Amino acid sequence: RKEVEQDPGPFNVPEGATVAFNCTYSNSASQSFFWYRQDCRKEPKLLMSVYSSGNEDGRFTAQLNRASQYISLLIRDSKLSDSATYLCVVSVFNKFYFGSGTKLNVKP
Amino acid sequence: SAVISQKPSRDICQRGTSLTIQCQVDSQVTMMFWYRQQPGQSLTLIATANQGSEATYESGFVIDKFPISRPNLTFSTLTVSNMSPEDSSIYLCSGRSSETEAFFGQGTRLTVV
């Protein structure tokens, strides 16, 4: 069983739309949670950490539900520049495990 | 966050040869890791590079195929040995300290012909 499972995507949305990505993890010992963004042919870069209390950074909101082992990312008012692959990442005993990624295409 | 310089950025290699990839971090980091990302796939952890001792490999990866060095807290190498076309992939190194974010090198795009 994979450590991290994500929505398969791709998500094709118009500019201005709200889109949500979901992710589940299998190891209850997971300690830290993140969303990374990866542009085509580039390395992954941190988008935001995810906390149990939920956290928001501008148009991006991340939520963690430890009981359900579920992580979400909400993007409001999508921009063309949001087009990328979004990776759900879980830290287990200091190792990072990546989901397969969800591709987002924001169209004019 | 710290910056990792990874090289080479890309290479085309003959099957049966070996390639060594280097990563240099601009500050000391507690942990360094090596990942592989095959086309259209996500990142798969190969191993944890341990300073001054043997790397810790994930299931499916072995030292003979992917020897790793980490002589100090800012530098690591990954060698892809006796390459075959199935080794064609992007290889990424990563660094982090404690539970902070992981940051990545720019990746090495390897093609084995």
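Residue numbers (our numbering), protein chains in the order written: chain H, 1 to 108; chain A, 1001 to 1113. Glycine included, every Cβ here is placed at the ideal spot set by N, Cα and C. In this text, all values refer to a predicted model and were calculated from it rather than measured experimentally.
Rounded C-beta distance between Q1037 of chain A and I1004 of chain A? I'm assuming under 8 Å.
Not confirmed; about 15 Å, so no contact.
Cβ shell of Y1057 of chain A (< 6 Å), same chain only, five flanking positions each side left out:
A1047
Using beta carbons (cut-off 7 Å, strictly below), is F1104 of chain A in contact with chain H?
yes
Under 7 Å between C-beta atoms, does V1101 of chain A make it to chain H?
Going by the sequence as given, residue 1101 of chain A is Glu instead of Val. A Cβ of chain H is located within less than 7 Å of the beta carbon of E1101 of chain A.
Contact set between L1092 of chain A and chain H, taken where Cβ atoms lie within less than 7 Å:
E43
Any beta carbon from chain H within less than 7 Å of G1107 of chain A's own beta carbon?
yes
In chain H, which residues lie with their C-beta within 7 Å of the C-beta of S1042 of chain A?
Result: L87, F98, G99, S100, G101.
Touching by the beta-carbon criterion (3+ pairs, under 8 Å), the segment 20 to 33 of chain H and the segment 82 to 95 of chain H:
yes
Sub-7 Å separation of F33 of chain H and I71 of chain H beta-carbons:
yes
According to DSSP, simplified to helix, strand and coil, what is L80 of chain H?
helix
Apart from the five residues on each side of it in sequence, which residues of its chain come closer than 8 Å, Cβ to Cβ, to L1043 of chain A?
Y1035, R1036, Q1037, L1092
For F1075 of chain A, which residues in the same chain have their Cβ closer than 6 Å to its Cβ, ignoring the five residues on either side in sequence?
Q1024
What would DSSP say about P1085 of chain A, mapped onto helix, strand or coil?
helix
Name the DSSP bridge partner or partners of P14 of chain H?
In the DSSP output, where bridge partners are listed per residue, P14 of chain H has H:K107.
Residue of A:V1113, A:N1072, A:L1110 minimising C-alpha distance to S1027 of chain A
A:N1072
Which residues mark the beginning and the end of the beta strand (DSSP E) in which V1062 of chain A is found?
Premise fails: V1062 of chain A is in no beta strand (DSSP E) and is neither H nor E.
Nearest CA to the CA of Q1051 of chain A: which residue from A:R1010, A:G1095, A:A1002?
A:G1095
Length at least 3, wholly inside the segment 23 to 59 of chain H: the beta strand (DSSP E) runs in chain order:
For the segment 23 to 59 of chain H, the full-length beta strand (DSSP E) segments reaching 3 residues or more read 32 to 38, 45 to 50, 55 to 57 along the chain.
Indicate whether L73 of chain H and V106 of chain H have their beta-carbon atoms separated by less than 7 Å.
Going by C-beta atoms, L73 of chain H is not nearer than 7 Å to V106 of chain H.
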